[in-house]
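Asker: Residue 558 is where the sequence shown ends in this note's numbering, and the numbering goes up by one at each step.
Glycine included, each C-beta is placed from N, C-alpha and C at the ideal position.
In this text, all values refer to a predicted model and were calculated from it rather than measured experimentally.
Before I ask anything, let me first share the structure, which is written out below as structure tokens.
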Amino acid sequence: MTRKIALSHRDLLAQEQGTIIKPWGGKTPICLVFPNTYHVGMSNLGFQLLYRLLNSLPEVVCERAFLPEEGQWREYERASTPLLSLESGRPLSRFKIIAFSLPFENDFPNILSILQLAKIPLKALERDPRDPLIIAGGAAATLNPEPLAPFVDLFFIGEGEEAVLDFLQVFQAAGNGKEDLLKEACRIEGVYCPALYEPLYDEEGRLREFAPRAKAIPSRVKRRWIKDPGLLCSGSAILTPLTEFKEMFLMELNRGCPRRCRFCAVRAIYLPFRNRALERLIQEADQGLQQGKRIGLVGSALGDHPGFNELCAYITAKGGEIAISSIRADAVTVERARLLAASRHRTVTMAPEAGTERLRQVVAKGLRDEEIFSAVEALAGHGITNLKLYFIIGLPTETWEDIEGICTLAKRIRHHMGKGGRSVGEITVSIAPFIPKAWTPFQWHPFEEVKILKKKLQAVKKGVAKIPRCRVLNELPKWGYVQTLLSMGDRRVADILLKVHEARGDWASVLKSSYINPAFWVYREKEEQELFPWDFIDHGINKADLWKEYREAVG
Ligand code: SF4
4 MTRKIALSHR DLLAQEQGTI IKPWGGKTPI CLVFPNTYHV GMSNLGFQLL YRLLNSLPEV
64 VCERAFLPEE GQWREYERAS TPLLSLESGR PLSRFKIIAF SLPFENDFPN ILSILQLAKI
124 PLKALERDPR DPLIIAGGAA ATLNPEPLAP FVDLFFIGEG EEAVLDFLQV FQAAGNGKED
184 LLKEACRIEG VYCPALYEPL YDEEGRLREF APRAKAIPSR VKRRWIKDPG LLCSGSAILT
244 PLTEFKEMFL MELNRGCPRR CRFCAVRAIY LPFRNRALER LIQEADQGLQ QGKRIGLVGS
304 ALGDHPGFNE LCAYITAKGG EIAISSIRAD AVTVERARLL AASRHRTVTM APEAGTERLR
364 QVVAKGLRDE EIFSAVEALA GHGITNLKLY FIIGLPTETW EDIEGICTLA KRIRHHMGKG
424 GRSVGEITVS IAPFIPKAWT PFQWHPFEEV KILKKKLQAV KKGVAKIPRC RVLNELPKWG
484 YVQTLLSMGD RRVADILLKV HEARGDWASV LKSSYINPAF WVYREKEEQE LFPWDFIDHG
544 INKADLWKEY REAVG
């Protein structure tokens, strides 16, 4: 390890509270890898929980590794040092297992970069028995792991907390080589070994069959979920000022969402919706308060937790503060606005998603304009006058009226904020393109053409520019195209990922020269009976019901 790398590791560890350092002797060493930077990875509660869970096992030592920042990356290359773990500074190749956490598709290319930097062959077929086993799990893998199939030995589909424990028993008992291990592992509910399945395509390139390579291999992989919400563990494992949630104690209130917005994959990833018990949350809040921390409440449906007000009131009465990342407009009440203001919230994030009620109905967001305005007034009445509003463009059935509706809505929100002479803060209109996601009713729908998205974006920017103290932040449509490819693609997209990796991230040239037109996955409306690359996963969702909902939405 070079002095520069050693110093940067030492600096990171010195600022952490809760780091677990275990001796290696006689244990199975696992390197938990987040395919993005330390800052992003350590802001992810799921990553932290897995770190704590694995280290709670006496027979395991779990360390972490991240995508190095640019300067550090150059240092690794300059010194020809393989990527090292944070805790003990050992090369990743010395671990028995490398476990990638995959919340977002956009991080898929980073997996290849990390394996290369670790000097581990990228493809599973090219690795020998001395190389670590490469496993992966998380939301993106749960929806559609196929674009990563050649690089990963096995995936955890669904909530991996229990499945990983079952797998470790199999791993520790195994002794007959990787193939036998994979065959044994694929019997565990929630474990998928891509090498044990063969995809077959028709002459037009559509998936015709997805067949197990042997009789004993299950034809479908059941997504795993934790049945007892009491077992959902929570609370940050490591506190550090170097994350998005600086020195905040994170607590998970619920998993999943009881709503059914048609563009959103949260339902499929975390079905069924589970609230954690209030008594347990209060105990955890006490733990966070003892450390003098702000309590960050985590969940996709915070306002749907029946004990939300009581928990917030408990924390604020004890002198603590709460922090939330966003809240549904129809969950904002005067009491909740008061609680947020008491915790020094000056900005609140809400997601109208679409500019008009018509389009919100199409996507089943179920939010009326009046509900948004009433939330804005409740918040502004308590001095919360900065808003971040999330919108999606390119949604199914969207018209130019819906695009204009975004600007009109922002203008009306500003008006409601300033009612009665109240001072008006800043409104940020955040725009992202619609990405079709597996296991949603919109999985059949194509991505909007990039050139049209650009025009729509320009129209929003022009309209918003006329509203005082209102600005637009946006994701680039071209990256929406790439994300759609990685969300909707099958195993053949792995070749594209490999070429992009070899071209050092030059997506444009690789997409242009790809032997299969990427538009096949991105711009094509799929057929009702089409076999999707992710259909082998059993989420407990009926595909025919999704199709019915899709048709209801698009008419
Ligand atoms: S968009 Fe939000 S409210 Fe709608 S289903 Fe997803 S998490 Fe729930």
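1. Does the Cβ of Phe-266 lie closer than 8 Å to at least one heavy atom of the ligand SF4?
2. In this structure, how does DSSP classify Pro-436 when only helix, strand and coil are distinguished?
3. Counting only the same chain and skipping the five closest in sequence on each side, list residues whose C-beta sits under 6 Å from that of Pro-85.
4. Could you please give the first and the last residue of the uninterrupted alpha helix (DSSP H) stretch that includes Ala-176?
5. How would you call Pro-261, buried or exposed, if buried means at least 16 neighbouring beta carbons within 10 angstroms?
6. From Arg-279 to Val-194, what distance separates their C-alpha atoms?
7. DSSP on Arg-227, reduced to helix/strand/coil?
8. Consult DSSP for Thr-352 and reduce its assignment to one of helix, strand or coil.
9. What's the call for Tyr-553, buried or exposed, on a 16-neighbour Cβ count within 10 Å?
10. Just the Cα atoms here: how many angstroms apart are Gly-259 and Ala-268?
11. If you draw a straight line from the C-alpha of Ile-375 to the C-alpha of Trp-447, how long is it?
12. Rounded to the nearest angstrom, what separates Pro-275 and Ile-544 at their Cα positions?
13. Under 9 Å, do Arg-347 and Gly-428 count as touching if we go by C-beta distance?
14. In terms of DSSP beta bridges, what is Gly-140 paired with?
15. Kindly examine the ligand SF4 and report whether one of its heavy atoms sits closer than 8 Å to the Cβ of Cys-260.
16. By the 10 Å Cβ neighbour count, where 16 or more other Cβ atoms means buried, how is His-418 classified, buried or exposed?
17. On the criterion of 16 or more Cβ atoms from any shown chain inside 10 Å, does Trp-537 qualify as buried, or is it exposed?
18. If contact is defined by three or more beta carbon pairs under 8 Å, each pair taking one atom from either stretch, is the stretch 100 to 108 in contact with the stretch 40 to 55?
19. What's the C-alpha gap between Met-126 and Thr-31?
20. Verify whether the separation of the beta carbon atoms of Gly-483 and Phe-437 is less than 9 Å.
21. Could you check what DSSP says for Gly-74 in three-state terms: helix, strand or coil?
22. How many Å lie between Thr-359 and Ile-409 at the Cα?
23. Return yes when at least one heavy atom of the ligand SF4 lies under 8 Å from the C-beta of Lys-321, else no.
24. Grab me the residues of Arg-297's own chain with a C-beta within less than 6 Å of its C-beta, minus the 5 sequence neighbours each way, in chain order.
25. Within the same chain, show all residues whose beta-carbon is closer than 7 Å to that of Gly-329, passing over the 5 residues directly before and after it, in chain order.
26. Whole beta strand (DSSP E) runs in the stretch 273 to 313 with 3 or more residues, listed along the chain?
27. Answer yes if the stretch 201 to 220 comes into contact with the stretch 524 to 535, meaning at least three C-beta pairs across the two stretches below 8 Å, and no otherwise.
28. Within its chain, find whatever has a CB closer than 6 Å to the CB of Asn-389; leave out the 5 residues flanking it on each side and keep chain order.
29. Report the rounded CA-to-CA distance for Pro-135 versus Ile-100, giving the unit in angstroms.
30. On a CA-only basis, which of Gln-286, Pro-132, Asn-109 is nearest Ser-96? Give me that one, please.
31. Along the chain, where does the alpha helix (DSSP H) containing Tyr-54 start, and where does it finish?
32. Measuring only the C-alpha atoms, how far is Ile-519 from Glu-528?
33. Identify whether Pro-215 lies in helix, strand or coil by the three-state DSSP scheme.
34. Nearest-angstrom Cα distance between Glu-451 and Glu-404?
35. What are the residues that DSSP puts in a beta bridge with Val-475?
36. Suppose contacts are defined by Cβ-Cβ distances below 9 Å. Is Ile-241 in contact with Tyr-54 by that definition?
Answerer: The structure says:
1. Correct: Phe-266 has its Cβ closer than 8 Å to the ligand SF4.
2. The three-state secondary structure of Pro-436, taken from DSSP, is strand.
3. The answer, listed in chain order, is Pro-94, Ala-121, Lys-122.
4. In this chain, the alpha helix (DSSP H) harbouring Ala-176 covers 163 to 176.
5. Residue burial annotation: Pro-261 is exposed, with fewer than 16 other C-beta atoms found within 10 angstroms of its C-beta.
6. Looking at the two C-alpha atoms, the distance is approximately 26 Å.
7. Residue state, collapsed to three classes: strand.
8. Shown here, Thr-352 sits in a strand according to DSSP, grouped into three states.
9. Buried, since its Cβ has 16 or more Cβ neighbours within 10 Å.
10. For Gly-259 and Ala-268, the distance between alpha carbons rounds to 10 Å.
11. When rounded, the distance between both Cα atoms is 30 Å.
12. Rounded to the nearest angstrom, the gap between the Cα atoms of Pro-275 and Ile-544 is 11 Å.
13. The answer is no: Cβ separation not under 9 Å.
14. The partner list for Gly-140 (beta bridge, DSSP) reads Ser-104, Phe-159.
15. At least one heavy atom of the ligand SF4 is nearer than 8 Å to the Cβ of Cys-260, so yes.
16. It is exposed - the Cβ of His-418 has fewer than 16 other Cβ atoms within 10 Å.
17. So Trp-537 ends up on the buried side.
18. These segments touch.
19. As written in the sequence, residue 126 is Lys, which differs from the Met given in the question. Going from the Cα of Lys-126 to the Cα of Thr-31 covers about 23 Å.
20. Their beta carbons are under 9 Å apart, which means Gly-483 touches Phe-437 by this criterion.
21. Gly-74 sits in a helix when the DSSP states are folded into three classes.
22. So the two alpha carbons sit approximately 7 Å from each other.
23. Lys-321: no, Cβ never under 8 Å from the ligand SF4.
24. The answer, listed in chain order, is Met-251, Glu-324, Ala-326.
25. Looking at the sequence itself, residue 329 is Ser, so the reference to Gly does not match. If the five residues before and after Ser-329 are omitted, its C-beta is found closer than 7 Å to the C-beta atoms of Thr-352, Met-353, Ala-354, all from its own chain and listed in chain order.
26. DSSP runs (the beta strand (DSSP E)) wholly in the stretch 273 to 313: 297 to 301.
27. Touching, yes, given that three or more Cβ pairs across the two stretches are closer than 8 Å.
28. Excluding sequence positions up to five before and after Asn-389, its CB lies within less than 6 Å of the CB of Arg-349, Thr-350, Gly-428, Glu-429, all in the same chain and listed in chain order.
29. A direct Cα-to-Cα measurement between Pro-135 and Ile-100 gives close to 5 Å.
30. When each option's Cα is compared against that of Ser-96, the closest is Pro-132.
31. Segment 48 to 58, the alpha helix (DSSP H) holding Tyr-54.
32. Taken atom to atom, the span from the alpha-carbon of Ile-519 to that of Glu-528 is near 17 Å.
33. Reduced to three states, the DSSP call for Pro-215 is strand.
34. Distance between the alpha carbons of Glu-451 and Glu-404 is about 16 Å.
35. Val-432, per the DSSP bridge assignment.
36. Inclusion of Ile-241 and Tyr-54 in the CB contact set at 9 Å is warranted, their separation being smaller than that value.
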